[in-house]
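2 protein chains.
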Amino acid sequence: MTDPVFPRIAIIGAGLIGSSIARAAREYGAAGEIALYDAVEDVRTRAAGLGLGEVAPTLESAVAGADCVLLCVPVGALGAAAAAAVPAMKDGAILTDVGSVKGEAARALSAAGDGRIHVIPGHPIAGTEQSGPEAGFPTLFRGAWHILTPVSNGAPGEAEALARLTAFWQALGARVESMDAARHDRVLAITSHLPHLIAYNIVATAFDMETVEQGEVVKYSAGGFRDFTRIAASDPVMWRDVFLHNRDAVLECLGRFSEDLAALQRAIRWGDGDTLIREFTRARSIRKAIIDAGQDSRAVNFGRNAPGAEE
Amino acid sequence: MTDPVFPRIAIIGAGLIGSSIARAAREYGAAGEIALYDAVEDVRTRAAGLGLGEVAPTLESAVAGADCVLLCVPVGALGAAAAAAVPAMKDGAILTDVGSVKGEAARALSAAGDGRIHVIPGHPIAGTEQSGPEAGFPTLFRGAWHILTPVSNGAPGEAEALARLTAFWQALGARVESMDAARHDRVLAITSHLPHLIAYNIVATAFDMETVEQGEVVKYSAGGFRDFTRIAASDPVMWRDVFLHNRDAVLECLGRFSEDLAALQRAIRWGDGDTLIREFTRARSIRKAIIDAGQDSRAVNFGRNAPGAEE
Numbered sequence: 005m006t007d008p009v010f011p012r013i014a015i016i017g018a019g020l021i022g023s024s025i026a027r028a029a030r031e032y033g034a035a036g037e038i039a040l041y042d043a044v045e046d047v048r049t050r051a052a053g054l055g056l057g058e059v060a061p062t063l064e065s066a067v068a069g070a071d072c073v074l075l076c077v078p079v080g081a082l083g084a085a086a087a088a089a090v091p092a093m094k095d096g097a098i099l100t101d102v103g104s105v106k107g108e109a110a111r112a113l114s115a116a117g118d119g120r121i122h123v124i125p126g127h128p129i130a131g132t133e134q135s136g137p138e139a140g141f142p143t144l145f146r147g148a149w150h151i152l153t154p155v156s157n158g159a160p161g162e163a164e165a166l167a168r169l170t171a172f173w174q175a176l177g178a179r180v181e182s183m184d185a186a187r188h189d190r191v192l193a194i195t196s197h198l199p200h201l202i203a204y205n206i207v208a209t210a211f212d213m214e215t216v217e218q219g220e221v222v223k224y225s226a227g228g229f230r231d232f233t234r235i236a237a238s239d240p241v242m243w244r245d246v247f248l249h250n251r252d253a254v255l256e257c258l259g260r261f262s263e264d265l266a267a268l269q270r271a272i273r274w275g276d277g278d279t280l281i282r283e284f285t286r287a288r289s290i291r292k293a294i295i296d297a298g299q300d301s302r303a304v305n306f307g308r309n310a311p312g313a314e315e
Numbered sequence: 005m006t007d008p009v010f011p012r013i014a015i016i017g018a019g020l021i022g023s024s025i026a027r028a029a030r031e032y033g034a035a036g037e038i039a040l041y042d043a044v045e046d047v048r049t050r051a052a053g054l055g056l057g058e059v060a061p062t063l064e065s066a067v068a069g070a071d072c073v074l075l076c077v078p079v080g081a082l083g084a085a086a087a088a089a090v091p092a093m094k095d096g097a098i099l100t101d102v103g104s105v106k107g108e109a110a111r112a113l114s115a116a117g118d119g120r121i122h123v124i125p126g127h128p129i130a131g132t133e134q135s136g137p138e139a140g141f142p143t144l145f146r147g148a149w150h151i152l153t154p155v156s157n158g159a160p161g162e163a164e165a166l167a168r169l170t171a172f173w174q175a176l177g178a179r180v181e182s183m184d185a186a187r188h189d190r191v192l193a194i195t196s197h198l199p200h201l202i203a204y205n206i207v208a209t210a211f212d213m214e215t216v217e218q219g220e221v222v223k224y225s226a227g228g229f230r231d232f233t234r235i236a237a238s239d240p241v242m243w244r245d246v247f248l249h250n251r252d253a254v255l256e257c258l259g260r261f262s263e264d265l266a267a268l269q270r271a272i273r274w275g276d277g278d279t280l281i282r283e284f285t286r287a288r289s290i291r292k293a294i295i296d297a298g299q300d301s302r303a304v305n306f307g308r309n310a311p312g313a314e315e
């Protein structure tokens, strides 16, 4: 067995992602020691019971001595977590996160940075609709993309820090890419944020239909609706923060989505079958492109093949 | 082994559903002889090559002598198929279909009925995003609902015909329910038709974003978008017909969906996190209701666990 990438890591936030990192880091030998902290006492107790690592009583004691601190909290909580972590971190350590909005993560983490540590925001494109320390599993990141959005300030050791964080995620099975935070946020607005908003919305709409019984919606959900309910089961606080912090990109996508939907609505109203066929055929070809790109043969889909998932 | 429910069935349309019925009927002994016909010569050739049954050269020769004729064609093609089938059917035989819009199916099949046969429209709530005779598999209907929307005209043998068709679908593993066609169309508009329209639309929207490269949409599709592309890969002709023939119910759902989405959009724009949390939490509880109802432990999900599917 090779040496771990980091002798010691600290994971702040022991939910689905944080607990999966703990499990994966141990399973694949990516970290020597694993310290964990969660702001919720009950979560700390459960994380300890699960044997996820050394559960620390305070955030500061968790990050002390860590070579890499991973903030696994909702985007809106990154600023406070980073501000608490940085003064307790050792010189030259890496501060990263797993938030879905990288512009805000870069802002929050950089604001807390004091020049002694390396700030490298990151985002694993992996997850399930489950939450909590019990929901994590070590293979969550295998084959998934992990996007780093480093902000260079020319500090000494910067390149080496980026290389080590890359090696850490690769050890967990991820494929690592670097890109600009703004570009990340535009891409994820359409591939992740808008789909989640749509899923939440259609589920709510379905349950407000007076002409249909809720029991029937549940009973006959296999026709397509069920896939939306799965996505819509994701953590509400996490997603609230995503929408509030990636507002402009989400609103841009949403405006276009509504415009396109109005065109389909008009085609249905006027019996314009040619337009429907044309648009549906185009959408189908996009699916084919995704399959051809090999995206869909991955074990790590959103929620599929997740050990312990209810499906 | 018990006697088959029907000594002979005829399947018109050898796509995903038709070929799955053929496979399931043989596998579970629900039919003695299986005749098939498809309007497309190439599909007939492939169906014969797959050994799905006796592939007939004409629709009339396929239905001749059959105790039950199953029309497995798009909703818009039901009228012509029924008109061609009925005169060739034997007295007392059953004419059914698998279309997703039961009001139109009842109209089309009843218009072709001549009083000698039993018309019983039906709809299996099962499917995958795949199409064609190769896409079918015998377990597609296991655990899935099959909805019958019988229209009573008091003809002799009517109750027995309904009981036999029910037994046939139960033999294929389905859970059979009867309901009014209009009610079916209202329920399916929200649980199936609207989700498909939304999925088609978001995929098209994503690929029209100039600010994002299409390759990036494909690459990072695991964040939620991929689930939509799968639904959007469904057969365009079938879905065009669904939307055109269930127009009023779909437009009603669509209007409410857009209204609800506008409320979420406004909450995002004005930073109203409380509204987002409230709506997201509500959607999540609906998912829980579906899991509690045992809907999601079924082997027959939409596209999941489908043998030969690419996932």
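Chains R and P supply the protein sequences, listed in that same order. Per my numbering, residue 5 is the first one in the first sequence, and the count goes up by one each step. Per my numbering, residue 5 is the first one in the second sequence, and the count goes up by one each step. Glycine included, every Cβ here is placed at the ideal spot set by N, Cα and C.
Rounded straight-line distance, which links the Cα of residue j to that of residue i
{"i": "G17/R", "j": "L56/R", "result": "12 Å"}
{"i": "A39/R", "j": "V79/R", "result": "21 Å"}
{"i": "T62/R", "j": "D101/R", "result": "18 Å"}
{"i": "L258/P", "j": "T143/P", "result": "33 Å"}
{"i": "A14/R", "j": "L113/R", "result": "16 Å"}
{"i": "A266/P", "j": "V180/R", "result": "36 Å"}
{"i": "R27/R", "j": "A139/R", "result": "11 Å"}
{"i": "A165/R", "j": "H122/R", "result": "7 Å"}
{"i": "F145/R", "j": "T285/R", "result": "33 Å"}
{"i": "V304/P", "j": "V90/R", "result": "Per-residue confidence for V304/P stands at a pLDDT of 29, beneath the threshold of 50, marking its modelled position as unreliable; the derived number appears in the next sentence. Each residue's Cα considered, the two are about 50 Å apart."}
{"i": "E45/R", "j": "D239/R", "result": "19 Å"}
{"i": "N205/P", "j": "F247/P", "result": "13 Å"}
{"i": "G147/R", "j": "G117/R", "result": "31 Å"}
{"i": "K106/P", "j": "A237/P", "result": "23 Å"}
{"i": "E37/P", "j": "I295/P", "result": "39 Å"}
{"i": "R288/R", "j": "S23/P", "result": "21 Å"}
{"i": "K223/P", "j": "F229/P", "result": "11 Å"}
{"i": "A70/R", "j": "A34/R", "result": "13 Å"}
{"i": "R50/R", "j": "D95/R", "result": "31 Å"}
{"i": "I272/R", "j": "A110/R", "result": "44 Å"}
{"i": "V168/P", "j": "C72/P", "result": "The sequence shown places Arg at residue 168/P, not Val. Cα to Cα, R168/P sits roughly 10 Å from C72/P."}
{"i": "A86/R", "j": "F141/P", "result": "53 Å"}
heavy atom of the ligand GTP below 7 Å from residue i C-beta
{"i": "Q174/P", "result": "Looking at this structure, you won't find the ligand GTP or any other ligand, since it has none at all."}
Identity of the residues DSSP links to residue i by a beta bridge
{"i": "C76/P", "result": "Answer is none; C76/P lacks a bridge partner."}
{"i": "R179/P", "result": "W149/P"}
{"i": "F10/R", "result": "A35/R"}
{"i": "Y41/P", "result": "I16/P"}
{"i": "G126/P", "result": "L152/P"}
Inter-residue CB distance, residue i and residue j (contact presumed, cutoff 8 Å)
{"i": "A92/R", "j": "E64/R", "result": "4 Å"}
{"i": "Q134/P", "j": "L20/P", "result": "6 Å"}
{"i": "M183/R", "j": "T215/R", "result": "Incorrect: roughly 46 Å between the Cβ atoms, too far for contact."}
{"i": "N250/R", "j": "A193/R", "result": "6 Å"}
{"i": "R244/P", "j": "G277/R", "result": "5 Å"}
{"i": "E283/P", "j": "A208/R", "result": "6 Å"}
{"i": "H200/R", "j": "I235/R", "result": "6 Å"}
Cβ neighbour criterion (16 or more within 10 Å) applied to residue i
{"i": "K292/R", "result": "exposed"}
{"i": "G131/R", "result": "buried"}
{"i": "F160/P", "result": "Sequence inspection shows Pro at residue 160/P; the Phe mentioned does not correspond to that position. With fewer than 16 Cβ atoms within 10 Å of its Cβ, P160/P is classed as exposed."}
{"i": "R190/R", "result": "buried"}
{"i": "Q269/R", "result": "buried"}
{"i": "T233/R", "result": "buried"}
{"i": "E263/P", "result": "exposed"}
{"i": "G347/R", "result": "The requested residue 347/R is not part of the displayed model; chain R covers only 5 to 315."}
{"i": "E217/P", "result": "exposed"}
{"i": "G177/R", "result": "buried"}
{"i": "A115/P", "result": "exposed"}
{"i": "A297/R", "result": "exposed"}
{"i": "S225/R", "result": "buried"}
Nearest candidate by alpha-carbon position, reference residue i, set the options
{"i": "P11/R", "options": "F172/R, E133/R and A226/R", "result": "F172/R"}
{"i": "D7/P", "options": "G136/P, A175/P and S135/P", "result": "A175/P"}
{"i": "I124/P", "options": "A148/P, P137/P and T170/P", "result": "T170/P"}
{"i": "E220/P", "options": "R50/R, R230/R, S196/R and A88/R", "result": "S196/R"}
{"i": "E162/P", "options": "A112/P, I98/P and V241/P", "result": "I98/P"}
{"i": "W149/R", "options": "G136/R, I129/R, A167/R and F141/R", "result": "I129/R"}
{"i": "A253/R", "options": "S104/R, R286/R, S23/R and A87/R", "result": "S104/R"}
{"i": "I25/P", "options": "I194/P, G107/P, I294/P and H127/P", "result": "H127/P"}
{"i": "G158/R", "options": "R120/R, R288/R, G177/R and A186/R", "result": "R120/R"}
{"i": "A316/P", "options": "A88/P, R50/P and A271/P", "result": "Past the edges of chain P, shown from 5 to 315, lies residue 316/P, and the structure says nothing about it."}
{"i": "M213/P", "options": "L75/R, D231/R, M213/R and R187/R", "result": "R187/R"}
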